[in-house]
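A short write-up of the structure that comes next.
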Amino acid sequence: IFERGSRLVDKLIIAVSSNPNKNSLFSMEERVEMIRNSVKHIPNVEIDCTGGLLNEYVKSKNATIIIRGLRALSDFEYEFQRALFAKYLDD
């Protein structure tokens, strides 16, 4: 996803999010370090941390698109609903 996404944009921002309602196996720092090691060969990648709503983060970065991975059809349905809700919040 990172490699393909980096070819679509001038700068790819990977937003690592924290959710206090989830029990994460890895800490935020560990996740950032794993991602950093995975994308060090991609020149136009920036890694950042966020704890708020994704659509607010996107606005703060003046980003124009969100790229997310899909594993199953249920992921698409979930992401589609999220996109509709984010659009509703923006209007």
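Residue numbers (full-length UniProt numbering): 1 to 91. Ideal Cβ placement from N, Cα and C applies to all residues, glycine included. All values reported here derive from a predicted model rather than from experimental measurement.
Inter-residue Cα distance where the pair is Ile47 and Lys22: Counting from one through the sequence shown, the residue named residue 47 turns up at place 47. Counting from one through the sequence shown, the residue named residue 22 turns up at place 22. Approximately 21 Å between the Cα atoms of the pair.
Length-filtered (4 minimum) alpha helix (DSSP H) runs lying within the UniProt domain "Cytidyltransferase-like" (1–84): The UniProt domain "Cytidyltransferase-like" (1–84) contains these whole alpha helix (DSSP H) runs: 2–6, 28–39, 54–60.
Same chain only: Cβ atoms within 7 Å of Ser27, ignoring 5 sequence neighbours per side: Position 27 of the sequence shown holds residue 27. Non-local C-beta neighbours of Ser27 in its own chain, meaning closer than 7 Å and more than five positions away in sequence, are absent.
Through-space distance from Glu77 to Ile65, alpha-carbon basis: The residue labelled residue 65 in the question sits at position 65 within the sequence shown. The residue labelled residue 77 in the question sits at position 77 within the sequence shown. So the alpha carbons of these two residues sit roughly 18 Å apart.
Counted within 10 angstroms of its Cβ, other Cβ atoms place Ile1 as buried (16 or more) or exposed: Here residue 1 corresponds to residue number 1 of the sequence shown, with the count starting at 1. With fewer than 16 other Cβ atoms from the protein chains shown falling within 10 Å of its own Cβ, Ile1 counts as exposed.
Beta-carbon gap between Arg68 and Glu79 smaller than 7 Å: Reading the sequence shown from its first residue, position 68 is the one you call residue 68. Reading the sequence shown from its first residue, position 79 is the one you call residue 79. Cβ distance < 7 Å, so Arg68 and Glu79 count as in contact.
8 Å contact criterion, which Ala86 and Asn37 should meet: CB distance rounded: Taking the first residue of the sequence shown as 1, we reach residue 86 at position 86. Taking the first residue of the sequence shown as 1, we reach residue 37 at position 37. Contact flag wrong, Cβ pair sits at about 30 Å.
Length of the line joining the Cα atoms of Lys59 and Gly52: Locating residue 59 in the sequence shown gives position 59, where the first residue counts as 1. Locating residue 52 in the sequence shown gives position 52, where the first residue counts as 1. Rounded to whole angstroms, Lys59 to Gly52 spans 12 Å at the Cα level.
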